Structures are given as structure tokens and as C-alpha cells.
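Residue numbers (my numbering), protein chains in the order written: chain X, 6 to 393; chain C, 13 to 144. Here is the structure we will look at, set down as C-alpha cells.
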């Protein structure tokens, strides 16, 4: 295995994007990443595309080739592969690209993540997201995707005394961060009482505990670390890339309030990177629901199991805290175009480590982590990055 | 879920038939092809087991925003139930006010309609749970 670095990043604005198509969005993100890296089409050895459900959202499969084509690279015949793992599709695509460079098969790869979710009506989006759950044994009986995370929240409250106010604090924090991110869907702060009293979606989770339905795309360029400085003065090395799986249905887990896939993916990444959770200076974690951020910081080892709800009062995960979490605004405020999310998380960490995060910049950030979850925790990727 | 796919599930959905590994005695619902604890040793040693349908609420939610098939039922309580034989399953709680559902509440299975394909479409049946 050889070292791999991120040499370019590109993002579209996240939000409800009615005037642009799937292919326009990913070509925008990809072009920005390629220009940022200073490479051109003939330099690219392979492409990976993370997309959860293009078939249901826009009625189009075979999007690996579509993205190569739309990018103008069909005549270069670049191998292009679509990768799917529900909401972790982006993180999986990054890891597949990473492995292909680390193995020595490829030198330069472009990874794009995308979802165009607003081209279908509301209940259709809910049903499509529910396909990340176990269709036969959860969704058929009326469990929705927010409902599954609500199961986790109810049990977390019961076992550890976590409160609805603590859930709301996560939303308030992430909106405050999103307000500083020009690419975020919601660049707007929210008040604690509004988060606590928002319309109920799946008790105990209200509307402001949930990430939104989002259109958007993100892309990164990876290169072998030995060649990275040919392209940029500030490459960011991927020093750990973990991945794990678990039972598809939430009710099949060892512990309802622990995402064992996160625990195992993190252990794999920490071991490879030769760091511990204490060395992580900032993280983008998968806050598809507020309870998910609380579980993530526990399962990644930032706080003890059960203490996740206190992380904001204890000034751990806030922007000026000891381990800032979701400086981008997270899925909650930045938005959650499911296939793009895992790639966009990598981008926020890269920008922070390069000192390019503008108003959100965490001073002297050197090591960061990106945590991407599929479904209610059946798939997880954890990437650890370090500035070179 | 399409009608043919639903029909394929009839035995387990109607009767709560799980299975049991004769090597380690662990009970599974839904039934598994092999035991994840004993793996290859369990092949040929997994036997069907009719479950009692009794258990308790392990965690729950009340769904206010549902997928299309359940829109007419909101708000409805749903839970992960720990069956007395060990397995956890996801099902709706019926015949009570949504607010009465609590962790630890004793429940038993009951045979009910789950979904309907519109006014004239097929009816899908299966298990729900009610307070004991």
C-alpha cells in the first residue's frame, strides 16, 4: 500500500436546485475539482461515482458511464464505476478510489458524489430513503427512516437520560456553522425553542432534528502522495480509511444505541493512521438526524458512551470547542444530497486542513476525520486526513 | 411493496415462524439460512420454531410523517419489540392511544391488515402488537 493524497476539491451549492439537472450538477463539481487539482482529462486513470438511488430519484441508472460521458471524457474511455451504499455511497466511492490508488493500479482518480432528490414529490423521496432500511422487515410494517433514528433516540433517552433539548442543541450548533458556509442549503441560524417545538416527524424527532432533502454534488481528485506536490503545494494525505457493515435492520443490532459499524470502521482507520480519537482535531460526522451526531461522537470515541448529549454544554463539539464537529453545518444545515454527502464531508476536512475554510476556519487544524453512515448504521466509512 | 413479493412472505408474516439453531439454541426472527454464531456447523441444524408472539417494548416512536401506504394511519405508534424467545422485531402497536406506549410495556402479537393498494387494490396482512 502506498500513501494517497487529495489534490483537488469541487462542490456545487447545496439546496433545492430546480433549474439544473443531475448531469449538470456533477459536471460542475467534477470540473471544479479537476481545475483545483490542475489536472486534465488525459491525466485521469479512473472515475468513481457515489449515488444512492439515481434510478428512483431521476429514473436513470448506469450513471458511472453517464458521468464520464457528460464530463466530455467518453472518448477517453476512462473506467468509470458507480458505487452504492445508501447514504454512505459517497464515502464508499472515496474509499474505492483511495484503494485503487493505494494499491498502485491507478495514479490519479476523480471521485464524484451526487443526488438529485427534488425531482420527485415528497412522499416519493421518503419512500426512496426508506429503501436504505430493511424493506421486508422494517418498512413494510410502517417504519420510516426518521422512525428508525427515533427508535435510537427513545432508547438513548431511556438509558442515558439524553433530553430533547440536547437533541435540539445539535441542530442549533450545526445551523450556526451552516450560516457561515456559502455552499450550505440553510445559511441561517435557528433558535433552541424552535428546534424543540418543531412539527413532529417521528416522536421524539421533530422537523428540525432531521436533515433536509437536497440536490447537490461534490467531487475530489486523489493522487499518489509521492506525486501530489506536482499538482498542489497543500495536498492532504488520507492516513486512514476504514469501512464496516452491520445488520441491515436496526432491530438486528447488538445494541440499538451503538452503531457498531462506526465503532469498527473507526478502529480500522485509527489503527491504519496510528492515531487515537484524542488526536482528531475536528470531524465531519453523519448527522442525518440530531441523535445520529450524538451516537457518532460516542462511537468514534470523542466522548464516553452515553455522554454524547452533553457534548455541546461541555463545549466539546462547538466551533470553539476541543473537537469541533460539523463545521460545514453538517447534513442538518449544509444539506444531505445522499450520494454527495460522504464526498462533501471529505471536502470540508480538506479545506480546514488547507486553511481554506474562510469564516469557519479552525486555527492550526492538522488532523481531521470524516464519518459517513448508510441506512440506520448498516454501512459506515471513516476517513482520517492530515495536511502534508 | 408489490403483491407477488408479499405473497412470498406469507408463512413468516402470518404466523411469526422463526427458527432456532440446534447447536447454540439461539432463536431467529425473521428466520435465517444459517446461524451467524455457529455458521457452517449450523447447516442442517436450523429448525423452524413458532414464536409465542409475547414480548415487551424495547424502544418506540410515533410516526407523524409516513410513506404513502400509511398516510391514512398517522399518527401511529411503532416499536421494536423484544420477544420472550429473544429476537427483536419491528411492528406497529395497536388498540391503544399512541401516548400510552412505554418502554417495558408487555405486548402480544395480533393478526391485522398492514397496508392496502388503494381502495380497490390488494390487502396486505401481517402482525401488529397490542398491550397485554
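Glycine included, each C-beta is placed from N, C-alpha and C at the ideal position. Because the structure is a prediction, the values reported are computed rather than measured.
Query raised in the report: List, in order along the chain, the chain X residues whose C-beta lies closer than 9 angstroms to that of residue 133 of chain C?
Result: In the second chain, counting from the first residue as 1, residue 133 of chain C sits at position 121. Those do not exist, as residue 133 of chain C stays about 15 angstroms from chain X at its closest Cβ, beyond 9 angstroms.
Query raised in the report: Who are the near neighbours of residue 149 of chain X in its chain, counting only those whose CB is closer than 7 angstroms to its CB and skipping five residues on each side?
Result: Numbered from its first residue, the first chain carries residue 149 of chain X at position 144. Excluding sequence neighbours, residue 149 of chain X sits near 131, 135 and 207.
Query - Cutoff 7 angstroms; reference residue 218 of chain X; Cβ partners in own chain excluding five residues on either side - result: Numbered from its first residue, the first chain carries residue 218 of chain X at position 213. Contacts found: 122, 123 and 130.
Query - Neighbour-count burial assignment, residue 123 of chain C, 16 or more Cβ in a 10 Å radius - result: Within the second chain, the letter at position 111 stands for residue 123 of chain C. Residue 123 of chain C should be labelled exposed.
Query raised in the report: How about residue 208 of chain X: is its C-beta nearer than 8 angstroms to some C-beta of chain C?
Result: Mapped onto the first chain, residue 208 of chain X falls at position 203. For residue 208 of chain X, the answer is yes, since a Cβ of chain C falls inside 8 angstroms of its Cβ.
Requested in this report: Could you spell out the range, first to last residue, of the alpha helix (DSSP H) harbouring residue 74 of chain X?
Outcome: Residue 74 of chain X sits at position 69 when you count from the first residue of the first chain. Segment 68-75, the alpha helix (DSSP H) holding residue 74 of chain X.
Query raised in the report: DSSP state of residue 272 of chain X, grouped into three classes?
Result: Along the first chain, one-based indexing puts residue 272 of chain X at 267. Residue 272 of chain X: helix per DSSP, three-state reduction.
Query raised in the report: Relative to chain X, which residues along the region 70-93 of chain C have a C-beta separation below 9 angstroms, given in chain order?
Result: 70, 71, 72, 73, 74, 75, 76, 77, 78, 79, 80, 81, 82, 83, 85, 87, 88, 89, 90, 91, 92 and 93
**Report entry** Reference residue 296 of chain X; option with closest CA among X:10, X:391 and X:165
**Finding:** Along the first chain, one-based indexing puts residue 296 of chain X at 291. The candidate whose alpha carbon is nearest that of residue 296 of chain X is X:165.
Query raised in the report: Just checking my contact of residue 4 of chain X with residue 222 of chain X at CB under 8 angstroms: how many whole Å lie between their CB atoms?
Result: Because chain X here runs from 6 to 393, residue 4 of chain X falls outside it and cannot be looked at.
Query raised in the report: Taking 8 angstroms as the CB-CB cut-off, is residue 125 of chain C touching chain X?
Result: Here residue 125 of chain C refers to the residue found at position 113 of the second chain. Cβ-Cβ to chain X under 8 angstroms: no for residue 125 of chain C.
Query - Beta-carbon spacing of residue 49 of chain X, residue 227 of chain X below 8 angstroms - result: The sequence position of residue 49 of chain X within the first chain is 44, counting from 1. The sequence position of residue 227 of chain X within the first chain is 222, counting from 1. Taking 8 angstroms as the Cβ cut-off, residue 49 of chain X and residue 227 of chain X do not qualify as a contacting pair.
Report task. Please decide whether residue 87 of chain X counts as near chain C, where near means a Cβ-Cβ distance under 8 angstroms. Result -> On the first chain, residue 87 of chain X is found 82 positions in, with the first residue counted as 1. Judged by the 8 angstroms Cβ criterion, residue 87 of chain X is not in contact with chain C.
Requested in this report: Please name the residues in the region 127-141 of chain X whose beta-carbon is closer than 7 angstroms to at least one beta-carbon of chain C, in chain order.
Outcome: 128, 131, 132, 135, 140 and 141
Query raised in the report: Do residue 118 of chain X and residue 271 of chain X have their C-beta atoms closer together than 8 angstroms?
Result: Start at 1 with the first residue of the first chain, and residue 118 of chain X comes out as number 113. Start at 1 with the first residue of the first chain, and residue 271 of chain X comes out as number 266. Going by C-beta atoms, residue 118 of chain X is not nearer than 8 angstroms to residue 271 of chain X.
Query raised in the report: In whole angstroms, what separates the C-alpha of residue 205 of chain X from that of residue 77 of chain X?
Result: Translated into the one-based positions of the first chain, residue 205 of chain X becomes position 200. Translated into the one-based positions of the first chain, residue 77 of chain X becomes position 72. One C-alpha to the other measures close to 46 angstroms.
Requested in this report: Please work out which residues of its chain come closer than 6 angstroms, Cβ to Cβ, to residue 28 of chain X, disregarding the five sequence neighbours upstream and downstream, and give them in chain order.
Outcome: By one-based count along the first chain, residue 28 of chain X stands at place 23. Result list for residue 28 of chain X: 75, in chain order.
**Report entry** Nearest-angstrom Cβ-Cβ length linking residue 365 of chain X and residue 186 of chain X, presumed shorter than 8 angstroms
**Finding:** Here residue 365 of chain X corresponds to residue number 360 of the first chain, with the count starting at 1. Here residue 186 of chain X corresponds to residue number 181 of the first chain, with the count starting at 1. The Cβ separation is near 6 angstroms, so the contact holds.
Requested in this report: Identify whether residue 111 of chain C lies in helix, strand or coil by the three-state DSSP scheme.
Outcome: Here residue 111 of chain C corresponds to residue number 99 of the second chain, with the count starting at 1. Reduced to three states, the DSSP call for residue 111 of chain C is helix.
Report task. Put residue 63 of chain C into one of helix, strand or coil per three-state DSSP. Result -> Residue mapping note: residue 63 of chain C aligns to position 51 of the second chain, counting from 1. Residue 63 of chain C: coil per DSSP, three-state reduction.
Report task. Go ahead and label residue 6 of chain X buried or exposed: buried means 16 or more other beta carbons lie within 10 angstroms of its beta carbon, across all protein chains shown. Result -> The residue you call residue 6 of chain X lines up with position 1 of the first chain. By the 10 Å Cβ count, residue 6 of chain X comes out exposed.
Query raised in the report: Looking at the structure shown, is residue 36 of chain C part of a helix, part of a strand, or coil, going by DSSP?
Result: By 1-based counting over the second chain, the position of residue 36 of chain C is 24. Three-state DSSP puts residue 36 of chain C in coil, outside helix and strand.
Query raised in the report: In chain order, what residues of the region 141-152 of chain X put their CB closer than 8 angstroms to some CB of chain C?
Result: 141, 142, 143, 144, 145, 146, 147, 148, 149, 151 and 152
Query raised in the report: Taking C-alpha atoms, which residue in X:157, X:17 and X:38 lies nearest to residue 11 of chain X?
Result: For the purposes of this step, residue 11 of chain X is taken as the residue at position 6 of the first chain. Of the candidates X:157, X:17 and X:38, the one whose C-alpha sits nearest the C-alpha of residue 11 of chain X is X:38.
Query raised in the report: My guess is that residue 383 of chain X and residue 266 of chain X are in contact by the Cβ rule of under 8 angstroms, so how many angstroms apart are they, rounded?
Result: Locating residue 383 of chain X in the first chain gives position 378, where the first residue counts as 1. Locating residue 266 of chain X in the first chain gives position 261, where the first residue counts as 1. Correct: roughly 7 angstroms between the Cβ atoms.
**Report entry** Reference residue 386 of chain X, options X:13, X:92, X:43 and X:335, closest by Cα
**Finding:** For the purposes of this step, residue 386 of chain X is identified with residue 381 of the first chain, where counting begins at 1. It is X:92 whose Cα lies nearest to the Cα of residue 386 of chain X.
Query raised in the report: Are at least three pairs of beta-carbons, each pair with one atom in the region 62-81 of chain C and one in the region 268-287 of chain X, less than 8 angstroms apart?
Result: no
Requested in this report: Give the secondary structure of residue 70 of chain C by DSSP, where H, G and I count as helix, E and B as strand, and everything else as coil.
Outcome: Within the second chain, residue 70 of chain C is the residue found at index 58, counting from 1. Residue state, collapsed to three classes: strand.
Query raised in the report: Which whole-angstrom value is the C-beta distance of residue 94 of chain C and residue 68 of chain C, which I expect to be below 8 angstroms?
Result: Walking along the second chain from the start, residue 94 of chain C turns up at place 82. Walking along the second chain from the start, residue 68 of chain C turns up at place 56. Residue 94 of chain C to residue 68 of chain C, Cβ: 6 angstroms. Contact.
Report task. With DSSP collapsed to three states, give me the class of residue 410 of chain X. Result -> Here chain X covers residues 6 to 393 and nothing more, so residue 410 of chain X does not appear.
Report task. Excluding the 5 residues preceding and the 5 following residue 79 of chain X in the sequence, name in chain order all residues of the same chain whose CB lies nearer than 7 angstroms to its CB. Result -> By 1-based counting over the first chain, the position of residue 79 of chain X is 74. Excluding residues within five positions, the ones whose Cβ falls inside 7 angstroms are 73.
Query - Nearest to residue 125 of chain C (by Cα), restricted to the options C:140, C:43 and C:115 - result: For this step, residue 125 of chain C is matched to residue 113 along the second chain. It is C:140.
Query raised in the report: When the cut-off is 8 angstroms and only beta carbons count, does residue 56 of chain C lie next to chain X?
Result: Position 44 of the second chain, counted from the first residue, corresponds to residue 56 of chain C. For residue 56 of chain C, the answer is no, since every Cβ of chain X falls outside 8 angstroms of its Cβ.
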